[in-house]
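Top line first, the protein sequences correspond to chains L and F. Everything in the first sequence is counted per the working numbering, starting at 1 for the first residue and increasing by one. Everything in the second sequence is counted per the working numbering, starting at 1 for the first residue and increasing by one. Single-structure report; data block below.
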Amino acid sequence: MTAPPTVPREIALAAKPSLGQRLGQLIEPLTLLLPSGVWLVLFLVIPTLLIAEISLVPGLRPGDVPGAYGLGNYLQIFQPVYLRVLFRSLNFALGTTGLCLIVGFPVAYWIALMAPKRWRTLLLVVFILPLWTSSLLRAYAWITILRSSGLLNVVLQAVGIPGQNILNSPAAVYVGMTYSFLPYMVLILYSSLEKLDIRLLEAAADLGANPAQRFWQVTVPQTLPGIAAGGLLVFITSLGDFVVPTLLGGASSMTIARLIYNQFLGPTRNWGFGSSMSMLLILAVSLAIALLIRYGDRNPENYS
Amino acid sequence: MPRNRSLYSPYSRRLATSRRRFLQGGAAALAGMALSNCRQGGVSDVQAPDTETGNGNGGEGGGGSDTLHIYTWADYVDEELTAAFTAETGIQVVTDIYDSNETMLARLQAGGGSAYSIIYPSDYMVEEMIELDLLTTLDQDRVEGLDTMLDQWVSPAYDPDNVHSVPFSWGTTGLLFNRELVSGDPEDWDYLWDNQQALNRRFTLLDDVRETMGAVLKSLGYSYNATDPDELEEAFERLMELRPAIAAFRSFGWEDELLGGDLDLVMSYSVDAIAATLEDPAFEYVIPLSGSSVWTDTLVIPETAPNVDAAYEWINFNLDANVAAQTVERLFFATPNSEALDLIDDDLLANEDLFPPDEILARCEGIAPVGPEASALYDRYWTEVTSA
Numbered sequence: 001m002t003a004p005p006t007v008p009r010e011i012a013l014a015a016k017p018s019l020g021q022r023l024g025q026l027i028e029p030l031t032l033l034l035p036s037g038v039w040l041v042l043f044l045v046i047p048t049l050l051i052a053e054i055s056l057v058p059g060l061r062p063g064d065v066p067g068a069y070g071l072g073n074y075l076q077i078f079q080p081v082y083l084r085v086l087f088r089s090l091n092f093a094l095g096t097t098g099l100c101l102i103v104g105f106p107v108a109y110w111i112a113l114m115a116p117k118r119w120r121t122l123l124l125v126v127f128i129l130p131l132w133t134s135s136l137l138r139a140y141a142w143i144t145i146l147r148s149s150g151l152l153n154v155v156l157q158a159v160g161i162p163g164q165n166i167l168n169s170p171a172a173v174y175v176g177m178t179y180s181f182l183p184y185m186v187l188i189l190y191s192s193l194e195k196l197d198i199r200l201l202e203a204a205a206d207l208g209a210n211p212a213q214r215f216w217q218v219t220v221p222q223t224l225p226g227i228a229a230g231g232l233l234v235f236i237t238s239l240g241d242f243v244v245p246t247l248l249g250g251a252s253s254m255t256i257a258r259l260i261y262n263q264f265l266g267p268t269r270n271w272g273f274g275s276s277m278s279m280l281l282i283l284a285v286s287l288a289i290a291l292l293i294r295y296g297d298r299n300p301e302n303y304s
Numbered sequence: 001m002p003r004n005r006s007l008y009s010p011y012s013r014r015l016a017t018s019r020r021r022f023l024q025g026g027a028a029a030l031a032g033m034a035l036s037n038c039r040q041g042g043v044s045d046v047q048a049p050d051t052e053t054g055n056g057n058g059g060e061g062g063g064g065s066d067t068l069h070i071y072t073w074a075d076y077v078d079e080e081l082t083a084a085f086t087a088e089t090g091i092q093v094v095t096d097i098y099d100s101n102e103t104m105l106a107r108l109q110a111g112g113g114s115a116y117s118i119i120y121p122s123d124y125m126v127e128e129m130i131e132l133d134l135l136t137t138l139d140q141d142r143v144e145g146l147d148t149m150l151d152q153w154v155s156p157a158y159d160p161d162n163v164h165s166v167p168f169s170w171g172t173t174g175l176l177f178n179r180e181l182v183s184g185d186p187e188d189w190d191y192l193w194d195n196q197q198a199l200n201r202r203f204t205l206l207d208d209v210r211e212t213m214g215a216v217l218k219s220l221g222y223s224y225n226a227t228d229p230d231e232l233e234e235a236f237e238r239l240m241e242l243r244p245a246i247a248a249f250r251s252f253g254w255e256d257e258l259l260g261g262d263l264d265l266v267m268s269y270s271v272d273a274i275a276a277t278l279e280d281p282a283f284e285y286v287i288p289l290s291g292s293s294v295w296t297d298t299l300v301i302p303e304t305a306p307n308v309d310a311a312y313e314w315i316n317f318n319l320d321a322n323v324a325a326q327t328v329e330r331l332f333f334a335t336p337n338s339e340a341l342d343l344i345d346d347d348l349l350a351n352e353d354l355f356p357p358d359e360i361l362a363r364c365e366g367i368a369p370v371g372p373e374a375s376a377l378y379d380r381y382w383t384e385v386t387s388a
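The following block contains the structure:
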């Protein structure tokens, strides 16, 4: 839990006698940290605590006189219908992560190791370029591609494959989310692959390892932190994604983010339940971030 | 303005009796600050950061603010209308739009609606908002033209004697389909079940629990406002049968896919449907035989309205027969204004999609609140249907 920024100062002041110099040393960083600290407390810590509090009032609706505290909202999540939604959200997030890895790794590998050096920056910029447009626009673009009279089917039919009705199905969600989050994956894998120690690959080749062995036993272990970091980043963002499932998934893709939306802006208006699901999502994402910090940030040399 | 705080008063009361210290004192004060900032539109992106609207809260027009903020449905207020209003009164109009009554209510209840002086809730939502004390009682002396209302809207069930709301428009809910793509003749809700294979993932239903559940209830011969748990369960099961074939639950945004031929049929409000039928003769709108809903959208002044004077100006402007008639001709909703009817173009007046014959209307019902118990059932079934 992040403590308000004033606390460490008080502790520090109590612990150390007020030497002018030490005070000066303390005041300077604290002054610099104060704006962001206040910002975080006001707009992150307190809202999160408020959500936590609302989540503990079972079935709280706006305008209601709140009842007693209880865990009803959290127990409600275990109803089959909501578990199904949770499971689906996890599936979407894990599937997207897997797809991003499969598609992103070769791309990052190629840019980092095989493309001409002077092209690398340009290639990366080109890859990140789509991120400059709104995710909503990119989802709309996929609607025009995936719909039955869309670009995909025009192309498929031109080569003699029967048209597919992909829009408004889970497949469309995988496609849309993979497209949305691929740049993150490529970017992180690139920075990891860029540091790859080529000498180790040469040594492995000298010692008789075939390409597959070299890849799995030298390249992959060295880039594992990048894979973990990229995977977790994609997982986190896709778990909470609202736009793609809503626009591309149709009636078949209720996810936890959409369910939370329904509790606040939809017909159900159950703030208590919505808050408990939000807390669950915050918890899941925090866990993923904790894993990211633990495993994603390691020095690659530890693996070599 | 005690009403002004009605939203948060239960919440503050809870904080006051709370045993949890960490949320008391400073944190609560800060939270209150943060929340009141929200109320003034500081956080919301849609509201203009117009300080006048924020602190003019509830005052009779406040400090001479000459901007009127309106919260309305998409396609309800066009530029021609606002321009004419500004030309006549000198008041600038800023409109924000919502796509469902629930979204509008949620925004209001979260404190994000304090900039608005005019809102356009539907019938059943008016009833709910009255119960939540969100609406001002209209000063009947300041409303000119209520006497032009057709009989049905002189004292509507959702707001007897129009104490809190002014009927603005009405219409129906039905099926809009592409004549070239559907087989047979969609005449009733049953068509969806009978042609489930052919329509597989080529139709959408409204993303609205009461409309969609109501339609299924009607197809079973029950009321749109059924409260009997057995009837609701039967409707739920029937909707689940259809569910795999439903492309999406969508109230808006189906236009491109329908016009592009990716959808065969959509359940839609008459307003949107008529626009499509007039644009392309391949599209037809039908009010299902077993009955449907007939809805009324109204003009109300929320309790928190910062510019009440301008709100009355807006109401009176829209009650003017000429203005009402022209709006109908541009935006395709039926008007409850009897004088306006005489001014509307005959072709449009003869359009049965817009002004259905009485025998069809007789089979339609207005959506009414169903009480907390049935409401909870509706919500539960709707969650099941949309989450399955």
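Glycine residues also receive a C-beta, built at the ideal position from the N, C-alpha and C atoms. Every value quoted in this text rests on a predicted model; they were computed, and no experiment measured them.
For the stretch 247 to 268 of chain F, the beta-carbon criterion of a distance under 7 Å to any beta-carbon of chain L is satisfied by A247, A248, F249, E257, G260, G261, D262.
Contact of D280(F) with chain L by beta-carbon distance below 8 Å is absent, the smallest such distance being about 15 Å. With its beta carbon less than 9 Å from one in chain F, T268(L) belongs to the interface. Close to M279(L), with beta-carbon spacing below 9 Å, lies no residue of chain F; the smallest spacing is near 15 Å. If you draw a 10 Å sphere on the C-beta of Q109(F), you find 16 or more other C-beta atoms in it, and that means buried. By the C-beta density criterion, V65(L) is exposed, having fewer than 16 other C-beta atoms within 10 angstroms. With a cutoff of 9 Å on beta-carbon distance, V81(L) and G67(L) are scored as not near each other. Within the same chain, S148 come within 7 Å of N165(L) by CB-CB distance, once the 5 residues on both sides are set aside. Assigned with DSSP and collapsed to three states, F355(F) falls in coil, not helix or strand. When DSSP states are grouped into helix, strand and coil, F252(F) belongs to the coil group.
In terms of CA proximity to E194(L), G226(L) leads the group S36(L), P170(L), I256(L), G226(L). For I282(L), the enclosing alpha helix (DSSP H) stretches over residues 271 to 291. For the stretch 72 to 95 of chain L, the residues whose beta carbon sits under 8 Å from a beta carbon of chain F are, in order, V81, Y82, R84, V85. Residue contact check for R238(F) against chain L: no CB pair falls below 9 Å. Its chain contains G59, R61, Q263 as the residues whose beta carbon lies nearer than 7 Å to that of N270(L), once the 5 sequence neighbours on both sides are disregarded; these appear in chain order. Within the stretch 170 to 195 of chain F, the complete alpha helix (DSSP H) segments of 4 residues or longer fall at 190 to 194, listed in chain order. Pairing A205(L) with F235(L), the inter-Cα distance amounts to about 35 Å.
The criterion of a C-beta distance shorter than 9 Å is satisfied by S117(F) and W314(F). Looking at the backbone, the Cα of E102(F) and that of T298(F) are separated by about 15 Å. Nearest CB-CB separation between S100(F) and chain L: below the 9 Å threshold.
When DSSP states are grouped into helix, strand and coil, T227(F) belongs to the coil group. Within the DSSP bridge table, the entry for D96(F) names Y71(F) as partners. From the beta-carbon of T173(F), no residue of chain L is found nearer than 9 Å; the closest lies around 16 Å away. Closer than 9 Å to the CB of V209(F) there is at least one CB belonging to chain L.
For A215(F), no chain L residue has a Cβ inside 9 Å of its Cβ, as the nearest lies near 15 Å away. For M254(L), the chain F residues whose Cβ falls inside 9 Å of its Cβ are T383, T386, S387, A388, in order along the chain. Around D379(F), the beta-carbon contacts reaching into chain L at under 9 Å are P267, T268, R269, N270.
Setting aside the 5 residues that flank it on each side, C100(L) is surrounded in the same chain by T178, F181, L182, M185, V234, each with a C-beta closer than 7 Å to its C-beta; the list follows chain order.
When CB distances to chain L are screened at a threshold of 7 Å, not a single residue of the stretch 136 to 149 of chain F falls below it. Every unbroken stretch of the alpha helix (DSSP H) spanning 4 or more residues and falling wholly within the stretch 254 to 296 of chain F is given here in chain order: 255 to 259, 270 to 279.
The C-beta separation of T89(F) from I70(F) comes to about 13 Å, leaving the pair out of contact by the 8 Å criterion. Against chain L, a Cβ distance below 8 Å from Q197(F) picks out nothing, because the smallest value is about 13 Å. By the CB criterion at 9 Å, A248(F) and L259(F) fall outside the cutoff.
Taking the Cβ atoms as the reference, T304(F) lies roughly 7 Å from G113(F), within the contact range of under 8 Å.
Contact between E187(F) and V286(F) holds, since their C-beta atoms are separated by about 6 Å, short of 8 Å.
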